[in-house]
Amino acid sequence: MTEAATSATAECVIHLRYNLDGTVSEIGERPAGVQAQAWYKFLTNHTQDSFQVLSGGRGLFRLPKAQIESLKAACTQELSS
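For the sequence shown, this note's numbering gives the first residue as 73, with consecutive numbering after it.
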């Protein structure tokens, strides 16, 4: 596989941490100016079978890097409208 093909299909892991009340306190790859809970909600509404619940109030999304970049742009655009 070429380097360009490998980077296009590279998987990225977005880690998150929950507060005791179930809201998201921290989440990776968050676009600038977007609240943690809003980014989590956007990801859950726009992806399928990519979220994994972990113990200790944590979770993660596994997505291709290219998809994350397009989701970040779409989230920023949607929330600014």
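Glycine residues also receive a C-beta, built at the ideal position from the N, C-alpha and C atoms.
Helix, strand or coil for residue i? Go by DSSP, reduced to three states.
| i | result |
| --- | --- |
| Gln-149 | helix |
| Gln-120 | coil |
| Leu-92 | coil |
| Gln-109 | helix |
Using the C-alpha atoms, what's the distance from residue j back to residue i?
| i | j | result |
| --- | --- | --- |
| Leu-135 | Leu-126 | 16 Å |
| Lys-113 | Thr-81 | 24 Å |
| Val-96 | Ala-108 | 6 Å |
Going by DSSP, name the residue or residues bridged to residue i.
| i | result |
| --- | --- |
| Pro-136 | Glu-83 |
| Gly-100 | Per DSSP, none; premise fails for Gly-100. |
| Val-125 | Gly-131 |
Among the options, which one has its Cα closest to the Cα of residue i?
| i | options | result |
| --- | --- | --- |
| His-118 | Cys-147, His-87, Leu-88, Ile-86 | Cys-147 |
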